[in-house]
Amino acid sequence: MADTTISKLNVKHAPDMRSRGLWSDAFRRLLRHRLGMVGALILVVTVILALFGPSLIPYDTSAMDFNARFAPPTVQHIFGTDDFGRDTFSRVALGARVSLQVGVISVGLAATVGTLLGMLAGYGNRLLDELIMRSMDVLYAFPAILLAIAIMAALGKGVGNAMIAIGVVYIPIFARIARGSVLSVRNEEFVQAAHALGAGHGRILFRHIFPNILSPIIVETSLSLAFAILAEAALSFFGLGTQPPDPSWGRMLSEGRGYFRQSVWMGIFPGLAIMVTVMAFNFLGDGLRDALDPRLRR
Amino acid sequence: MNVRYILQRLVLALLVIWGVTFVVFMIVHLVPGDPARVILGAYAPEESVAAIRERLGLNRPFLEQYGSWLGNALQGNLGTSLITSQAVSPQLLARLGPTIELAVASLLIGLAIAFPVGILSAVRPGSKLDLLASVLSQVGISVPSFWMGILLVLLFSLTLGWLPPSGYTPLGEDAGDWLAHLILPAITAGIVSASVMTRFIRSAMLDVLYANYIQTARAKGLPESVVINKHALRNAMISIVTIIGLQTTALLSGVVIVEVVFGWPGLGRLALDAVLDRDYPMLQGAVLIIAIMVTLVNVTVDLMYFFLDPRIEYA
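Those sequence lines, one after another, are chains W and V. For the first sequence, the numbering used here assigns the number 21 to the initial residue and increments by one for each residue that follows. For the second sequence, the numbering used here assigns the number 4 to the initial residue and increments by one for each residue that follows.
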């Protein structure tokens, strides 16, 4: 009994020496990163709006009120109304759903395929490496939006095809990052040890190398989500992405463009929504980078 | 050694361009179902669909189609527009000039902002200027360029009436009018690239400013302006040139969007119109030319390393 008390006392006064994992260390650093946390907080709100939007918004997004067209922000309509008298706040809130959905699915596609290809290129033989990376160079030669437009020209309009198009565009970025990271760890001792213990290539790649290249991929995922949301907004603005009557930020800007002189508010809020969400992903990405790789901290 | 490296880069660029032609060719072949039917719509008569199929060569074996398309493309023949029935190449050439003008103007605006701001931020990290620059560059990176374009038009064209909201006048016709039309689109695309480049220039300069030779230069009493301009900036140029090269690709992406917003008659707008009209030969031509431009810029950047850092030897 007395022993327990003493050890408790010791623990209380000694510095915190418990061994923590790499990830929990990184998580603590992220929690202390002010901008990263601002980003995370904004994203939590955006995710809540995307998931529970329909039960949180004050008006039906397609309910028209021709007596209240082009209304400026008021207590009833905090973001004002559009040319059909629809509540802009409700439409912006529900637009979060499309943006996040496209972002998550397209970046998920890019991260999965790109990382896999990059890992194969970095781990495989020279021929495989050249074959994969030169193909990536080809995709990289197209400006992002132009490649997305070209892919949508082949697949057709619609939000599903926008996800594929944006996903394909970002595959080379993940492939390059994954390949570079694999090259930097493939000759490390822990990989050789796994090899000596008789682990197969698959096991070495996914159980030993993959966890060690995860940091840069997580950072890139957050930054790519920012770009994906911008790209979806641009495609919808061009009329290629989300189709009416679904509210999407890019679409709201393109539909309302002719009316901005009557009501500048119609043009302000959807644009702000895009900017704030993109900024939040960028902040979180910067926070993750600082947290996961303290050497890069500046 | 250096000649070998240059040749290697050029061969690689040719390989990439060859890959680009294949991707561009595939645009039509990725269309689900019969591309000719998709182009004309579900209710078009079968004879018209067959005619389009014949015109695009879709009846022939795949490799033969690619071979003849590539052969024609090498001779500058990119087919005829499905909308105007005129040759695609002259129309593309006519749009190339405005796109290059806009891209160069945007890059210059981007550099004019990013260089001084990036360097000053790096010289005084944590200062008010550094903080302001980092907030503004975050905003610049996150703002959708089409939205910024619309807001600039609302302010400078529709409210203040200072500049035209859209359109284009050729430089040879009226230089003043050309410039008036160029300012807003160039600023819109330029601000985004300025934001990205400011961050990179700041970071490249910070890397260099802590190097030993900078301490030495300061210790031997050189004025700070010489330390920054002669010692730091020259060594940071390698990373800066890399980012300018990368930025050119991103800039062309931005230019596509800005062209649509401002009705600028460049390749980007042509490509989007072609998508909406299902004019595949026109789209293929526009995408091909832009991708080749990007590849050429990338090779140029690679080759510029030689002139910036003669110490670098390439295997």
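For each residue, glycine too, the CB sits at the ideal point set by N, CA and C.
Query, Result
"Coarse secondary structure for D310 of chain W, derived from DSSP in three states", "helix"
"Minimum Cβ-Cβ distance from M183 of chain W to chain V less than 8 Å", "no"
"Burial state of S88 of chain V (16 or more Cβ within 10 Å)", "exposed"
"is_contact[I274 of chain V, chain W] using C-beta, thresh 8 Å", "For the sequence presented, residue 274 of chain V should be read as Ala rather than Ile. Yes, A274 of chain V lies at the interface with chain W (some Cβ there is under 8 Å from its Cβ)."
"Proximity test, Cβ basis, 8 Å: A141 of chain W and chain V", "no"
"Residue closest to G59 of chain W, alpha-carbon to alpha-carbon, out of W:E150, W:N302, W:A311", "W:N302"
"Spatially closest choice to L204 of chain W from W:I193, W:I62, W:H221, W:F230, by CA coordinates", "For the sequence presented, residue 204 of chain W should be read as Ser rather than Leu. For the residues W:I193, W:I62, W:H221, W:F230, the minimum Cα distance to S204 of chain W belongs to W:F230."
"Alpha-carbon spacing of M285 of chain V relative to L81 of chain V, whole angstroms", "8 Å"
"Touch test, the segment 267–275 of chain W against the segment 162–172 of chain V, Cβ-Cβ under 8 Å, three pairs minimum", "no"
"CB contact check: D149 of chain W to chain V, cutoff 8 Å", "no"
"Min CB distance F257 of chain W to chain V below 8 Å", "yes"
"C-alpha gap between K32 of chain W and S44 of chain W, whole angstroms", "Residue placement at K32 of chain W cannot be trusted, given a pLDDT of 47 that sits under 50; what the coordinates show is reported in the next sentence. Each residue's Cα considered, the two are about 21 Å apart."
"A90 of chain V (DSSP reduced to helix, strand or coil)", "strand"
"Three-state secondary structure assigned by DSSP to T241 of chain W", "helix"
"Contact with chain V by F280 of chain W, beta-carbon distance below 8 Å", "yes"
"Supposed contact pair G121 of chain V and T201 of chain V - C-beta distance, whole angstroms, cut 8 Å", "5 Å"
"C-alpha gap between N215 of chain V and H234 of chain V, whole angstroms", "11 Å"
"Q68 of chain V versus D37 of chain V: straight-line alpha-carbon distance, rounded", "15 Å"
"Spatial neighbours of G176 of chain W in its chain, beta-carbon cut-off 8 Å, leaving aside the 5 residues before and after", "none"
"is_contact[T303 of chain V, chain W] using C-beta, thresh 8 Å", "no"
"Residues in the segment 253–266 of chain V having any Cβ partner in chain W nearer than 9 Å", "A253, L254, L255, S256, G257, V258, V259, I260, V263, V264"
"T172 of chain V in three-state terms, based on DSSP", "coil"
"Validate contact between the segment 292–312 of chain W and the segment 237–252 of chain W using beta carbons, cut 8 Å, 3 pairs", "yes"
"Per-residue burial, G305 of chain W [other beta carbons within 10 Å of its own, 16 or more giving buried]", "buried"
"Residues of the segment 298–316 of chain W with Cβ closer than 7 Å to any Cβ of chain V, in chain order", "V298, M299, N302"
"Where I68 of chain W falls, given that 16 or more other Cβ within 10 Å makes a residue buried", "exposed"
"Y283 of chain V classed as buried or exposed, judged by whether at least 16 other C-beta atoms fall within 10 angstroms", "buried"
"Contact belief for I77 of chain W with L120 of chain W at Cβ below 8 Å, rounded distance in angstroms", "In fact, because the Cβ distance is near 16 Å, the residues do not count as touching under 8 Å."
"Stretch pair the segment 235–254 of chain V + the segment 295–305 of chain V: three plus CB contacts closer than 8 Å", "yes"
"Top-ranked residue by Cα proximity to Q263 of chain W, from W:A174, W:N181, W:D85", "W:N181"
"Closer than 8 Å at the beta carbon, the chain A residues around T298 of chain V", "Absent here is chain A; the protein component of the structure consists of chains W and V."
"Residues of the segment 134–152 of chain V whose Cβ lies closer than 9 Å to any Cβ of chain W, in chain order", "Q141, V142, I144, S145, V146, P147, S148, F149, W150, M151"
"Beta-carbon neighbours of A294 of chain V, restricted to chain W and to distances below 7 Å", "A161, F162"
"Straight-line Cα distance separating L17 of chain V from I184 of chain W", "28 Å"
"Where T66 of chain W sits in the DSSP three-state scheme", "helix"
"9 Å Cβ cut-off: residues of chain W touching V34 of chain V", "A173, A174, L175, G176"
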